[in-house]
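Taking it in order: structure first as structure tokens, then the write-up.
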Amino acid sequence: MTCLRSLPVRNWWTLRVKVLTDPRVLPHVALSQRLAGSAVSSIVRPLISCLANCLVRCMALGLLMAFGIGCPLAAPHLAQAEEWQASLYNEGLPTHLVAVDKKRQTFMFFEKKSPLKLKYTYPCTTGQLPGDKQALNDLRTPEGIYFVEYKIASGLDFKEYGGIAYTLNYPNPVDRLRGKTGHGIWIHSKGFGIEPLSTRGCVAIGLKEIDEVGPQLTPGTAVVLAEKMDETAQPRPDSSTANELRRLMQNWSNAWASRSVKMFDYYNPDAYSRAMTENFTAFRQNKERLFKSLRFIKIFNRKINVLEGPGYWVTWSEQLYTASNLSTEGVRRLYWQRDNDQKFRIVGMEWTPRDLGMRADFQKGQLVAEAPLQQVSDASSEAPQRPRLDMPEAAPEKAEATALAAPQPSQDKTATAKAGQGDKLMAANDPLVPRRSNATPPAEVNWGARPAMEEAARSEAESAPKGAPAKPADQAAKPAEVQQAVNLPAPTSVPAPIAAPAQANAPVAAAAQQLSLTPEVRAALEKAVQAWNADFAARSTNIASLYDQAKYNREAGTPRGYSYNSTMRELDRRFAVPWLRLISRKPKFEIQGSLAVSHCEQLVVAPNGMEQGVRSFWWSRDNKGDFRIVASQFKPEELGLAADYLDQVSDAASAMVEKWRKAWEAGRLDEYIEYYADDAIQQGRWGAKNIQKQKELLWQRVQPTLVQITGLRLVADKQGLRADMNQVYADSSGHTDRGTKTLLLRFDGKAWRIAREDWAPLGAPVAPIGEAGQ
């Protein structure tokens, strides 16, 4: 996010006057003024003024088109069609509130001291084009309810940002639900003054103004961005909606604490799936697993706040979550819209971990909650939605282990022991990932070890019993659903098939006979599925030998997908990645006439993301009695396998985080920077080299003396893993700070590395010299 450069003018109101009167600024206006003094001025003046304004508008449009931003101007009425005028209600207002009137270019800061009082009001500047932000680079400021995330106090261009910026959580879940794009909406300043409508979507105020109000823009401060906002109007009496939503959020918390399925009635599943990064089905499956594995859950809410946005409402509260496996605190936000039955339901949510002192108050018996807890509500409205970083979900689904399964981790490990030898985590009381007791690891967890894994899998497969041919019978096969198969990678050069053990008296016509699911047939199918999984995880070209080239995609009653050659090319493309991981649950089998069908729930993780779904193969016996693939199909589906994946990688990821912490605390720059990806982003700095340069300059002045992390949590993400933790920092100058550190971890085939790092300080402004002030 970068804003367009501004003119060196302290107050933009004087700039407007200058533009309208100074011939040096606008020669066309000067021309009309000179003509205005003539005898025909009363007749010519309106015409000249109109022509001059038209000429200026045409020139401005031409310049904008030259810079590639003329398209939004083509239909400005579209952006203005839903201009939003904000309204405030007495019920549920927060103690501090920022409001921006885009039409009047005015920034306001309110305090609630019975009643709401306006504390500061400043001129401001917003996006260059009117209306609500819809797309990336459309030069508009969004309209809605947003919240301050964190402060950026270093590494910024002084002229453009004044050296300080406060980030907002655009796009919020409702923005994503509505298909809005873009990012990087900040509240910042300008080094040499502001001018109207001059940013690329941010809100900018003066240097003195941001110094005055900045210390109060703490993380979580509500920000209302609206086309119109009347600061002189008193908040309206509550129309009962705000109070109803506060009640719904408490009832939702009660249902969650009671581990009741009624909590899911509070959601709009379709809207939630589109607004959040996690499908609602997967979200529900993970929560239901937790409900079964946890002995208790307690939810404590402090005051529940509520604000109305354009077509939605937001409720939020400081919240303490404590269960038999985890205790954490932070700010929970729920986004509500009316459903078809006119009832409010949750369409999205956010969670920001933060040290609020609630856990300490709870342990002392001094925590005061918003309402009584552990009461199941009859209201059909809400349940917890996945926040920016939700709490970890359940352990892997129980499945039968095979020779390819990874060793099961000890169930009593905590975050203290996870880091391994010499990498003890300081979060001694906060389990890294909650795990169900006696949870069996998934059936197959395969790293792409290529030859070694392939040989081990082959050896195991060869030792499995061979299936006997079935008796002939009716050959009518059930028609399968016709769908294009998403057949994964395969080699372009097909190696010779793997030699099968000799089988005495193998029936030549076995493939033409109807099968029955005997123990021998089941064992042979399990062996074949294991062989495919092993070859796929190892990215081995031997996978081609499991396909029947002559019959593939030609058997009646099977799905019609890629041809054999296309399937092999697709597999070859998939195998080109540097690493690949496959997690597979125990397969299920059925018989369709002369064909056997296997269905297996799988998760595939690769550098370009992850996918999960049900993989089906249609198997036919060849003339030697071996099963070979004649059709395949992959149906994407949310199956909760991300929890299985998280369970497998959490040890290595948490150990890496602890090593990174130690290198930071010791000031070992070379070791510290090794934990970052080359293209890493850290608080506005791009690239590991820039991060290293900034740390080198900083550590020459002050050395870190303490870096402590607690409450480390990991969440599976399409880009890798998200880790959030409470952090305490101190340096040699005596500066200390506390806050929330969020890391996006990405696997590069050898180790986990930091792809993005964000820091959210708690409360007071951050000292610019300290590490936390970055």
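Going by the numbering used here, the first residue of the sequence shown is number 10, and it counts up by one from there. All C-beta atoms, glycine included, are put in the ideal place defined by N, C-alpha and C. Nothing here was measured: the structure is a model prediction, and the numbers come from that model.
Beta-carbon within less than 7 Å of L127's beta-carbon, same chain only, minus the 5 sequence neighbours each way: which residues are those?
M117, F119, E240
With distance defined between alpha-carbon atoms, name the residue in K307, W627, L580, R590 nearest to A565.
The candidate whose alpha carbon is nearest that of A565 is W627.
Do the stretch 561 to 577 and the stretch 634 to 649 touch if we need at least three Cβ pairs shorter than 8 Å?
yes
F292 lies in the alpha helix (DSSP H); which residues open and close that run?
289 to 302
Cα-Cα, which of W669, K759, D757, K750 is closest to G339?
K750
In the structure shown, what three-state DSSP assignment does L316 receive?
strand
Would you call the stretch 101 to 116 and the stretch 312 to 322 touching, i.e. three or more CB-CB distances under 8 Å?
Contact between the stretch 101 to 116 and the stretch 312 to 322 is established, with three or more Cβ pairs separated by less than 8 Å.
Could I get the ranges of all uninterrupted beta strand (DSSP E) runs contained in the stretch 208 to 242, with 3 residues as the minimum, in chain order?
212 to 214, 231 to 235
Using DSSP with H/G/I as helix, E/B as strand and the rest coil, what is A547?
coil
Would the stretch 277 to 290 and the stretch 341 to 354 be scored as touching if the rule is three or more Cβ pairs under 8 Å?
yes
Cα separation between D767 and I552?
43 Å
Local Cβ density within 10 Å of D350, reported as buried at 16 or more and exposed below that:
exposed
Given this structure, state the Cα-to-Cα distance separating F156 from I196, to the nearest angstrom.
11 Å
Going by C-alpha distance, which of I219, G320, F309, A652 is nearest S326?
Measuring from the Cα of S326, the nearest candidate turns out to be F309.
Between A739, S742, E610, K307, which lies nearest to V267 when the distance is taken from Cα to Cα?
Rather than Val, the amino acid found at residue 267 in this sequence is Ser. When each option's Cα is compared against that of S267, the closest is K307.
Could you spell out the range, first to last residue, of the beta strand (DSSP E) harbouring S326?
321 to 332
Closer than 6 Å by C-beta to Y170: which residues in its own chain qualify, once you throw out the five before and the five after it? Chain order, please.
H197
For T227 and D733, I'd like the C-alpha separation in whole angstroms.
19 Å
With the cut-off set at 8 Å, would you say L534 and F636 are in Cβ contact?
yes
Measure how close the beta-carbons of E92 and G153 come, nearest whole angstrom, since I'm counting them as under 8 Å.
About 12 Å; that fails the 8 Å criterion.
Straight-line Cα distance separating I173 from S163:
7 Å
Same chain, Cβ closer than 7 Å to G715, neighbours up to 5 away in sequence not counted
First, the amino acid is wrong: residue 715 is Leu here, not Gly. So the qualifying residues of the chain are E674, V737, Y738, A739.
Distance between beta carbons of I690 and R765, contact taken as under 8 Å:
5 Å
Tell me, please, which residues DSSP counts as bridged to E620.
Answer is V613.
Mark P528 as exposed unless 16 or more other C-beta atoms lie within 10 angstroms of its C-beta, in which case mark it buried.
P528 is exposed by the Cβ-count criterion.
Straight-line gap, K296 to I718 (C-alpha atoms, nearest Å):
Each residue's alpha carbon lies about 27 Å from the other.
Could you tell me if E599 is buried or exposed, where buried requires 16 or more neighbouring beta carbons within 10 angstroms of its beta carbon?
It counts as exposed.
C-beta atoms of E647 and A291 nearer than 8 Å:
A Cβ-Cβ contact shorter than 8 Å links E647 with A291.
Spatial neighbours of Q611 within its chain, please: CB distance less than 6 Å, with the 5 preceding and 5 following residues excluded, ordered by chain position.
S593, R624
Mind checking V107: buried by the 16 CB within 10 Å criterion, or exposed?
In the assembly as shown, V107 is a buried residue. Its beta-carbon has 16 or more other beta-carbons within 10 Å.
For G366, count neighbouring Cβ atoms within 10 angstroms of its own Cβ and tell me buried if that reaches 16, exposed if not.
exposed
Along the chain, where does the alpha helix (DSSP H) containing D581 start, and where does it finish?
Segment 573 to 583, the alpha helix (DSSP H) holding D581.
Please return the same chain residues whose Cβ sits closer than 7 Å to the Cβ of S741, not counting the five positions on each side in sequence.
V711, Q712, T714
Taking P180 as the reference, which of L206, I161, D653, C211 has the closest Cα?
Distance check between P180 and each of L206, I161, D653, C211 places C211 closest, using alpha-carbon atoms only.
Among the residues of its own chain, which have a CB less than 6 Å from the CB of K112, if the five just before and after it don't count?
E236, K237
For V109, collect the residues of the same chain with a Cβ closer than 8 Å to its Cβ; drop the 5 residues on either side in sequence, then sort them by chain order.
T115, F116, M117, C133, T135, T150, V212, V232, V233, L234, A235, M238
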